[in-house]
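Below is one structure; the comments refer to it alone.
Protein chains: 2
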Amino acid sequence: MGEPRIVIIGGVAAGPKTAARARRLAPNADITIIEKDRYISYAGCGMPFYLAGSVREFGQLFATAYGVARDEQYFLREKGVKVLTGHEAVEIDRSGKEVVARNLSTGEESRLPYDKLVIATGSSPIVPPIGGIGLKGVFRLNHPEDALRIKDYLENVSEAVVIGAGLIGMEAADALREKNVFATVVEMKDQILPGVLDRDMAAVLAARLEEQGLEFRLGQKVVRIEGDEQGGVAAVVTDQERLDAEMVIVAVGVRPNVELARKAGLKIGQTGAIEVNQHLQTSDPDIYAVGDCVENLHLVSGRKVYIPLATYANRQGRVAGDNVTGRKSVFKGVLGTSVLKVLNWNVGRTGLGQQQAEELGYRVITVVNSAHDRTHYHPAHGLVLMKMIVDENTRKILGAQAIGPGDAVKRIDVAATAIHFGAAVDDLPDLDLGYSPPFSSPIDLVQHTANIVRNKAENLAPSITAEEMKAKLDRGDDFVIVDVRTPQQFGAKHIEDGRVMLVTLGDIRERIDEIPRDKEIVLLCAMGVRSYEALRILHGAGFRDIKYMEGGLQAWPYEMD
Amino acid sequence: MGEPRIVIIGGVAAGPKTAARARRLAPNADITIIEKDRYISYAGCGMPFYLAGSVREFGQLFATAYGVARDEQYFLREKGVKVLTGHEAVEIDRSGKEVVARNLSTGEESRLPYDKLVIATGSSPIVPPIGGIGLKGVFRLNHPEDALRIKDYLENVSEAVVIGAGLIGMEAADALREKNVFATVVEMKDQILPGVLDRDMAAVLAARLEEQGLEFRLGQKVVRIEGDEQGGVAAVVTDQERLDAEMVIVAVGVRPNVELARKAGLKIGQTGAIEVNQHLQTSDPDIYAVGDCVENLHLVSGRKVYIPLATYANRQGRVAGDNVTGRKSVFKGVLGTSVLKVLNWNVGRTGLGQQQAEELGYRVITVVNSAHDRTHYHPAHGLVLMKMIVDENTRKILGAQAIGPGDAVKRIDVAATAIHFGAAVDDLPDLDLGYSPPFSSPIDLVQHTANIVRNKAENLAPSITAEEMKAKLDRGDDFVIVDVRTPQQFGAKHIEDGRVMLVTLGDIRERIDEIPRDKEIVLLCAMGVRSYEALRILHGAGFRDIKYMEGGLQAWPYEMD
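Heads up: the protein sequence lines correspond to chains A and B, in order.
Counting from 1, position 30 in the first sequence corresponds to residue 30 in the working numbering; the numbering is continuous, with no gaps.
Counting from 1, position 289 in the second sequence corresponds to residue 289 in the working numbering; the numbering is continuous, with no gaps.
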């Protein structure tokens, strides 16, 4: 038997990674990548940063860390991999084990025999079926040339609309702000980052970003884009309003490129992406599929999901590279961990969201915790709001979300690692995480959050969310909010309502008789720590209809005076 | 039965935490803290940052995040806890269940009855038995007043010596540099941070810190401190040299304060610290002990260790607070996770070090990996060197260390979490860690490091460490180093030796005949990625006596031209 012929369709992320790993394992294999584009192995995730200007040179998105361009020559010389750019795979002949590739400049077709085939055809941006999508100044941000075009166009733009508040939409909005373009983000769902954050977390993030100049139009459906006389974009019209726009970035998601696989009779999953087993094999054992064109197993829910992320593409590439050269590596599945930076806020999630978990039938305990990412006296400390979603029956952590100017992402990585190993909420406080003032606090906020869940589960810390308290206020409920902060803090900002009273924590024991015993009491502070302390004091004094507001005013996305 | 009387001896970290948790669970318990000092509940770990000036006000180390001083009044009013400062617990009457406390100003003794007693007596700095330790200008850094005194003295100092290159010594040296004081650190062991880093990692860190102006004298024993005519310090004399010093900070470690416990007949462990069970009970079930005065179970080695860290003090305080009020909480043990920042380098470790593991009888595989903490095109990217120590038999991760200007500490937290759950090295690449260019790379460096271990275990990546290669060079071994970087990189800096040849990775296939087949070959690059790639190419071409140097030149602590 000679060395295997490995053909890989797709040259962006998963494909080249598969090729590189396969080459290291099989030095004499014949490895060919077919890519219909002229760019290969580029840093798609870097485009928003190129737009924002933090990545200075377009070429950086195509270069190795040591400055060599990742082009056909690079793949040939450093990796020993042939790359056919400008070639489209138009057919897979499974019985003949050949791929038909068409040279897109000449139209010429050639047949590439394979022993193992890897489909890495990626995804394509969804184009919403609305008028005006073809106007000058309407862009998407999925391809390096999109970034080039937007960067060029941006120079003369002062206001823009982003359609879609998902990961790419938010990163695009961030880049626009960075370039001093006034940006409004329109989202059909009633929250930003619907695939990443629960609604409560998204509301806090949106409020903080709006304070910094981003604008959101949530729960609005774009019905058309309007142009001016020159054929340029002039406005985005939603079902509720008309937004002036000199530029529009459409970022409403992607769908997997599965046509080739479908035509070849390979099994497509219920998510619409290619179905693969743990070895990343399709329904044809000699054909693998990786990256944005495949669906994945969600390790918490056990369901198949379509979550196309660059990290999966790369990690799957390594697994496929193993398997096409005779190993038996597995890609177990995903937790849907997603992180992003938008303005000065770090955002992350892993595992299931609250609503997702509830829809799957879990009875959950959730908490939102406001905490500093490091000791409060360290000048670099920043706020993090962390939400944890725990299965009430098994006490297993189902998911976690974190947002804030502080280091939210480290905590998401810790949570993702813990969830990977099936951690219960009670395991987190036992973790031996690194503590030093520049990095964390003696009990890290991820452990603190877990402790709050445990307190809540034991009914030591009955709580109410910001959203629930807002609803009570708006409904006119007869209850009392006891704000236990210092008078200085209260004076600076508080909820203006007749039902709010100020009793500073240090005074609460001696002023306890001022607090009505015949009414529902909600305790409130800045971050939820003092209000919990106050709750325990009131409980000790016989109060029973008491709650504290989770996360304190840091988790309050509504108006204050 | 009435509400329990809880007496806590020690008011710095573990004691107050125990009191606070106990209070929340038992609103009517009688809780008293005895503290011989006048300061309580202070941020001991913050002292170096106060010295360095990043913590501006001394009072910040004694205040809550919301600006209230954590003094006796605070504990009484907010926590309902009595604090007797300036009182020393001089005796525990176990049969009478009373603590004898002496008022240090009046000499008066009182007896405090307890139902549950918690010993949180902490640790004391080791004073080396050398002459001159009492000279003016010789300090330690273990108490807030030390920090005040040093800060004051510092104003007129331009050169100082730190004795001890442990955590506190290094943080002190960092603070001195921050204040533009020339600092030399003397360490008896032949490496810096002996309790934190393996020798190879410490060598790289020391080299990088020396490039920035810190000086180290390793393997030198201080024999005396010399004074001038005014009784001020003038020099530190080691067994090898005399170092001028206008100021000296002695930081050679701490020992647990166990006299009171020993006198009371409580069991002291082999480490010299108080022995406790998982519930933090001493040999007397009504007496608990927490924090710097207790020993802990190391969760990897299964041995008792004395590793006094603030995070353990705080987490144990919560557990003890549970148990003295009738719960059954456990503190499982530790991994010895330690992190610190020194100059612009982040440093961390968790689990066992290589030498420790080997002494315990493990057969280990280790690697040192140089990697960027985020995508290399992101302007904030920084280098991290990560070392992983894996049990060859079980493939379990025994320990990890990371250093670098990049975010090393996040990776230590991920490793610590994984080790907590008994992770094998093969589990790490399956983790769904958050990827976005500002935070990480598509395959995070902790996963990349694990993959290198796996490659090494499969003999795909035979390697040599920087230390081993230096020894080969120094010995005059007949071998060839093939540096596979670009000519530009080579020109900027390389190992100057006749045995080094430059063959850029992209040229290696066509220049392969220039590489001698009859000699041992070591492949070298900047970070270990290209040299591994080159190794696979040579292997494919039939070379067998080949290795690559782990971590590349980023892991090379020796001279280059």
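Just so you know, even glycine gets a beta-carbon here, dropped at the ideal spot from N, CA and C.
Within-8 Å CB hit, residue 547 (chain B) to chain A
no
Interface residues of chain A facing residue 301 (chain B) [CB-CB closer than 9 Å]:
In chain order: nothing, as chain A lies at least about 13 Å away.
Between residue 537 (chain B) and chain A, is the shortest Cβ-Cβ distance under 8 Å, so that the two count as touching?
yes
Output, in chain order, the set of chain A residues within a Cβ distance shorter than 7 Å of residue 337 (chain B).
432, 433 and 434
Look at the alpha carbon of residue 1 (chain A) and the alpha carbon of residue 115 (chain A), and state the distance between them as a whole number of angstroms.
Per-residue confidence for residue 1 (chain A) stands at a pLDDT of 47, beneath the threshold of 50, marking its modelled position as unreliable; the derived number appears in the next sentence. Each residue's alpha carbon lies about 11 Å from the other.
Helix, strand or coil at residue 251 (chain B) [DSSP, three-state]
coil
CA-to-CA distance, residue 135 (chain B) to residue 164 (chain B), given in whole angstroms
18 Å
What residues in the stretch 41-67 of chain A bring their beta carbon closer than 9 Å to a beta carbon of chain B?
43, 45, 46, 48, 49, 50, 54, 55, 56, 57, 60, 61, 63, 64, 65, 66 and 67
Using DSSP's beta-bridge definition, name the partner residues of residue 285 (chain A).
Paired residues: none, contrary to the question.
Going along chain B in order, which residues have a C-beta closer than 7 Å to the C-beta of residue 439 (chain A)?
339 and 409
Between which two residues does the beta strand (DSSP E) containing residue 527 (chain B) stretch?
Counting along the chain, residue 527 (chain B) falls outside any beta strand (DSSP E), and DSSP gives it neither H nor E.
Can the beta-carbon of residue 122 (chain A) be found closer than 8 Å to that of residue 10 (chain A)?
yes
So, residue 493 (chain A) versus residue 522 (chain A), is the Cβ gap smaller than 8 Å?
no
Take residue 399 (chain B) as the anchor and find which of B:248, B:78, B:356 and B:467 has the nearest alpha-carbon.
B:356
Counting only the same chain and skipping the five closest in sequence on each side, list residues whose C-beta sits under 6 Å from that of residue 19 (chain A).
8, 31, 33 and 81
Pairwise C-alpha distance: residue 534 (chain B) and residue 501 (chain B)
14 Å
Shortest alpha-carbon distance to residue 529 (chain B) belongs to which of B:408, B:314, B:368 and B:391?
B:368
Note down, in chain order, each residue of its chain lying with its Cβ closer than 8 Å to the Cβ of residue 243 (chain A), except the 5 sequence neighbours on either side.
161, 184, 186, 217, 235, 236 and 237
Tell me, to the nearest whole angstrom, how far the beta carbon of residue 325 (chain B) is from that of residue 22 (chain B); I am working on the premise that it is less than 8 Å.
5 Å
Going by C-alpha distance, which of B:95, B:14, B:62 and B:432 is nearest residue 286 (chain B)?
B:95
Contact between the stretch 465-483 of chain B and the stretch 507-523 of chain B (3+ Cβ pairs under 8 Å)
yes
Mind checking if residue 113 (chain A) is an interface residue toward chain B, Cβ cutoff 8 Å exclusive?
no
So, is residue 559 (chain A) buried or exposed, given that buried needs 16 or more other C-beta atoms within 10 angstroms?
exposed
Ordered along the chain, which non-local residues of its own chain (more than five positions away) have a Cβ less than 6 Å from that of residue 283 (chain B)?
266 and 267
So is residue 456 (chain B) in contact with chain A if we call contact Cβ pairs under 8 Å?
no
Residue ranges of each beta strand (DSSP E) within the stretch 373-430 of chain A, 3 or longer:
383-391 and 397-404
Quick test of the definition: if touching needs 3 or more C-beta pairs under 8 Å, does the stretch 193-207 of chain B touch the stretch 346-355 of chain B?
yes
At the 8 Å Cβ level, is residue 517 (chain A) part of the contact set with chain B, yes or no?
no
Using the beta-carbon of each residue, which ones in chain B are nearer than 9 Å to residue 372 (chain A)?
65
Does residue 78 (chain B) have its Cβ less than 8 Å from a Cβ in chain A?
yes
Going by DSSP in three states, residue 16 (chain B) sits in which element: helix, strand or coil?
helix
I think residue 407 (chain B) touches residue 434 (chain B), with their Cβ atoms under 8 Å apart; what is that distance to the nearest whole Å?
Rounded, the Cβ-Cβ distance is 12 Å, inconsistent with contact.
Assign residue 578 (chain B) to one of three DSSP states: helix, strand, or coil.
It is not possible to answer for residue 578 (chain B), since the shown part of chain B is limited to 1 through 561.
In the DSSP assignment, what residue or residues form a beta bridge with residue 296 (chain A)?
A:305
Report the residue from A:252, A:299, A:231 and A:102 whose alpha carbon sits nearest the alpha carbon of residue 129 (chain A).
A:252
Opposing strand residues paired with residue 369 (chain A) [DSSP bridges]
A:386
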